[in-house]
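In our numbering, the protein residues as written are 90 to 488. Glycine included, every Cβ here is placed at the ideal spot set by N, Cα and C. Quantities reported herein were computed from a predicted structural model and do not represent experimental measurements.
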């Protein structure tokens with residue numbers, strides 16, 4: 090487990106003289122093709138984790154270092170371990186290691202007589218284990234071991250698509266933060282749905298941590314480690330509520346995460362560890378995000394340290410010449426029919442197109458309107474011309 094010292098430094102410690110649940114014998118060889126997940130696949134490992142999480146996370150504890158186990162190098166038959174600090178952790182007068190052993194969620198390590206690197210409460214641990222064996226608790230139970238069927242849909246695009254509508258309809262769902270990849274990317278366990286998902290915080294643009302890519306290692310952006318540490322301290326291994334809005338192409342869910350009434354996206358922006366993303370505009374949290382960002386930007390804190398305000402752009406109005414549009418009037422009567430007439434721009438109302446004496450056989454013999462000029466369409470003959478042409482004999486001599 091990781092504890093935060095009074096100095097603000099983080100220290101990894103191990104509980105003295107106890108061993109967590111582990112696979113025995115044939116259990117190790119089962120389901121070789123299945124991805125092995127110790128937390129869910131080892132009997133009573135999940136129960137042990139939940140006991141520690143609910144008892145210790147976010148609480149002030151007393152830590153007493155009992156011994157430091159030296160690192161072991163790679164040798165035949167000997168596993169490799171880094172140096173380990175082993176300690177006794179108490180909270181409210183309760184020895185956490187003893188409580189785990191008494192519930193059958195851990196076993197006590199046996200030592201040689203000349204080995205004095207052991208817990209300062211070793212005898213109490215042995216007594217607790219004897220009670221657990223007698224009462225058939227946990228690992229010592231004769232009952233069938235609990236099985237946790239947890240679906241891991243992280244990165245599974247097709248499964249994520251099927252699961253998305255369900256999470257969207259659910260509104261706020263309870264979750265436990267299993268792991269923090271970066272300031273805005275987390276792995277969540279949904280107990281009600283018994284599944285694991287990768288979750289991205291909506292509405293913000295957070296500095297990216299270093300990661301390996303096909304091209305090479307991507308360098309971490311400024312303040313990415315600070316953002317990740319902020320998120321870890323606030324939500325890691327804690328119970329939260331999430332609102333899923335959408336998902337990306339990789340099968341990661343996108344939404345809002347709340348813990349004790351705090352929106353994590355807003356908290357990161359307020360602490361100048363993230364910027365508002367344009368996709369937040371359609372969210373009900375947009376005004377809160379913009380307000381938080383404005384203060385950090387003016388103070389030029391962290392991600393805004395190199396911010397320079399852009400000068401306002403000037404716009405010059407350019408008037409465009411209107412296109413000349415042809416005008417129509419109600420219509421012109423020809424006999425018993427009305428036809429729309431197009432007026433030529435600039436010619437007034439005198440010469441409507443289509444008002445010719447060749448529109449019908451025989452023409453319209455009425456005089457033109459007052460002040461008008463009688464016109465005809467090109468290639469059309471007046472009635473009198475048609476009659477004269479019919480009287481002229483053809484060159485072949487036919488009449």
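>> Using only CA atoms, which one of 188, 235 and 230 lies nearest to residue 215?
In response: Working through the chain shown from its first residue, we reach residue 215 at position 126. For the residues 188, 235 and 230, the minimum Cα distance to residue 215 belongs to 188.
>> Our contact map puts residue 386 next to residue 396 with C-beta atoms below 8 Å; I'd like the distance itself, whole angstroms only.
In response: Position 297 of the chain shown holds residue 386. Position 307 of the chain shown holds residue 396. With a Cβ gap of about 6 Å, residue 386 and residue 396 count as contacting.
> Just checking my contact of residue 285 with residue 358 at CB under 8 Å: how many whole Å lie between their CB atoms?
Replying inline: Translated into positions along the chain shown, residue 285 becomes position 196. Translated into positions along the chain shown, residue 358 becomes position 269. With 8 Å as the limit, residue 285 and residue 358 do not qualify as a contact, their Cβ atoms being about 27 Å apart.
> Which two residues bound the contiguous beta strand (DSSP E) that contains residue 284?
Replying inline: In the chain shown, residue 284 corresponds to position 195, counting from 1. Segment 284 to 290, the beta strand (DSSP E) holding residue 284.
>> Relative to the C-alpha of residue 282, which candidate in 249, 376, 235 and 96 has its C-alpha closest?
In response: Residue 282 sits at position 193 when you count from the first residue of the chain shown. Checking every option, the nearest Cα to that of residue 282 belongs to 249.
> Cα separation between residue 197 and residue 213?
Replying inline: As a working note, residue 197 is residue 108 in the chain shown. As a working note, residue 213 is residue 124 in the chain shown. Rounded to whole angstroms, residue 197 to residue 213 spans 10 Å at the Cα level.
> Which of helix, strand or coil does DSSP assign to residue 328?
Replying inline: On the chain shown, residue 328 is found 239 positions in, with the first residue counted as 1. Strand at residue 328.
>> Between which two residues does the alpha helix (DSSP H) holding residue 498 run?
In response: Coverage of the chain is limited to positions 90 through 488, which leaves residue 498 absent and any answer about it impossible.
>> Quick check: what's the CA-CA separation for residue 263 versus residue 378?
In response: As a first step, residue 263 must be located in the chain shown, where it is residue number 174. As a first step, residue 378 must be located in the chain shown, where it is residue number 289. Their Cα atoms are separated by approximately 23 Å.
>> Quick check on residue 441: does DSSP put it in helix, strand or coil?
In response: Counted from its first residue, the chain shown places residue 441 at position 352. Residue placement at residue 441 is poorly supported in this model, since its pLDDT is 47, which falls under 50; the coordinates still yield a value, given next. The answer is coil: DSSP assigns residue 441 none of H, G, I, E or B.
>> Once DSSP output is grouped into helix, strand and coil, what is the label at residue 344?
In response: By one-based count along the chain shown, residue 344 stands at place 255. The answer is strand: DSSP assigns residue 344 an E or B state.
> Is residue 134 helix, strand or coil by DSSP?
Replying inline: Along the chain shown, one-based indexing puts residue 134 at 45. Residue 134: helix per DSSP, three-state reduction.
> Helix, strand or coil for residue 99 per DSSP?
Replying inline: Position 10 of the chain shown, counting from 1, holds the residue named residue 99. In the structure shown, residue 99 sits in a strand (DSSP, three-state: E or B).
> Pick from 360, 372 and 125: whose alpha carbon is nearest that of residue 384?
Replying inline: As a position in the chain shown, residue 384 is number 295, starting the count at 1. Among 360, 372 and 125, the Cα nearest to that of residue 384 belongs to 360.
> What is the DSSP secondary structure of residue 185, counted as helix, strand or coil?
Replying inline: Along the chain shown, one-based indexing puts residue 185 at 96. DSSP, reduced to helix, strand and coil, places residue 185 within a helical segment of the structure shown.
>> Considering Cα atoms alone, identify which of 256, 184, 171 and 298 is closest to residue 144.
In response: As a working mapping, residue 144 is identified with position 55 in the chain shown. That would be 184, whose Cα lies nearest to the Cα of residue 144.
>> At 4 residues or longer, what runs of the alpha helix (DSSP H) sit wholly inside the stretch 199 to 248?
In response: 211 to 224
> If you drop the 5 nearest sequence neighbours on each side, which residues of the same chain put their C-beta closer than 7 Å to that of residue 390?
Replying inline: As a working mapping, residue 390 is identified with position 301 in the chain shown. Excluding positions up to five away in sequence, the list reads 361.
> Quick one, are the C-beta atoms of residue 292 and residue 365 less than 8 Å apart?
Replying inline: As a position in the chain shown, residue 292 is number 203, starting the count at 1. As a position in the chain shown, residue 365 is number 276, starting the count at 1. For residue 292 and residue 365, yes; Cβs fall inside 8 Å.
>> Just to check my reading of the structure: residue 299 and residue 307 have Cβ atoms closer than 8 Å, yes? What is that Cβ distance to the nearest angstrom?
In response: By one-based count along the chain shown, residue 299 stands at place 210. By one-based count along the chain shown, residue 307 stands at place 218. Residue 307 and residue 299 do touch by the CB rule: their CB atoms are close to 6 Å apart, below 8 Å.
> In angstroms, rounded to a whole number, what distance separates the CA positions of residue 98 and residue 162?
Replying inline: If you number the chain shown from 1, residue 98 lands on position 9. If you number the chain shown from 1, residue 162 lands on position 73. Rounded to the nearest angstrom, the two C-alpha atoms are 27 Å apart.
>> Once DSSP output is grouped into helix, strand and coil, what is the label at residue 90?
In response: Position 1 of the chain shown, counted from the start, is the residue given in the question as residue 90. In this structure, residue 90 counts as coil in the three-state DSSP scheme.
> In three-state DSSP terms, what is residue 176?
Replying inline: Start at 1 with the first residue of the chain shown, and residue 176 comes out as number 87. Strand, per DSSP.
> Which residues mark the beginning and the end of the alpha helix (DSSP H) in which residue 153 is found?
Replying inline: Position 64 of the chain shown, counted from the start, is the residue given in the question as residue 153. From DSSP, residue 153 is part of no alpha helix (DSSP H) but of the beta strand (DSSP E) over 151 to 158.
> Where does residue 118 sit, in a helix, a strand or coil, going by DSSP?
Replying inline: For the purposes of this step, residue 118 is taken as residue 29 along the chain shown, with counting starting at 1. Because residue 118 carries a pLDDT of 47, less than 50, the predicted location of this residue cannot be relied on, and the following value inherits that uncertainty. In the structure shown, residue 118 sits in a helix (DSSP, three-state: H, G or I).
>> Rounding to the nearest angstrom, what Cα-Cα distance links residue 297 and residue 310 in this structure?
In response: The count along the chain shown starts at 1 and reaches residue 297 at position 208. The count along the chain shown starts at 1 and reaches residue 310 at position 221. Cα-Cα distance, rounded: 5 Å.
>> Determine whether the beta carbon atoms of residue 353 and residue 324 lie at a separation below 8 Å.
In response: In the chain shown, the residue the question calls residue 353 occupies position 264. In the chain shown, the residue the question calls residue 324 occupies position 235. Going by C-beta atoms, residue 353 is nearer than 8 Å to residue 324.
> Counting pairs of Cβ atoms below 8 Å between the stretch 332 to 349 and the stretch 140 to 160, do you hit three or more?
Replying inline: no
> So, using beta-carbon positions, are residue 103 and residue 173 closer together than 8 Å?
Replying inline: One-based indexing of the chain shown puts residue 103 at position 14. One-based indexing of the chain shown puts residue 173 at position 84. In contact: residue 103 and residue 173 (Cβ atoms closer than 8 Å).
> If residue 266 sits next to residue 132, beta carbons under 8 Å apart, how far is it from one beta carbon to the other, in whole angstroms?
Replying inline: Against the chain shown, residue 266 aligns to sequence position 177. Against the chain shown, residue 132 aligns to sequence position 43. About 24 Å separates the two Cβ atoms, so there is no contact after all.
> Can you give the beta carbon distance from residue 127 to residue 195, rounded, assuming they're within the 8 Å contact cut?
Replying inline: Position 38 of the chain shown holds residue 127. Position 106 of the chain shown holds residue 195. At roughly 14 Å, the Cβ-Cβ gap does not stay under 8 Å, so residue 127 and residue 195 are not in contact.
> Is the CB-CB distance between residue 344 and residue 252 below 8 Å?
Replying inline: Numbered from 1 along the chain shown, position 255 holds the residue referred to as residue 344. Numbered from 1 along the chain shown, position 163 holds the residue referred to as residue 252. Not a contact, by the Cβ cut-off of 8 Å.
>> With H, G and I counted as helix, E and B as strand and the rest as coil, what does DSSP make of residue 351?
In response: Within the chain shown, the letter at position 262 stands for residue 351. Of the three classes helix, strand and coil, the one that applies to residue 351 here is strand, per DSSP.
> When DSSP labels each residue in this structure, what does residue 338 get in the three-state scheme?
Replying inline: Numbered from its first residue, the chain shown carries residue 338 at position 249. In the structure shown, residue 338 sits in coil (DSSP, three-state: anything other than H, G, I, E or B).
> Does DSSP classify residue 125 as helix, strand or coil?
Replying inline: Within the chain shown, residue 125 is the residue found at index 36, counting from 1. Correct three-state label for residue 125: coil.
> So is residue 304 buried or exposed if we call it buried at 16+ other beta carbons inside 10 Å?
Replying inline: The residue given as residue 304 occupies position 215 in the chain shown. Its Cβ having fewer than 16 others within 10 Å, residue 304 is exposed.
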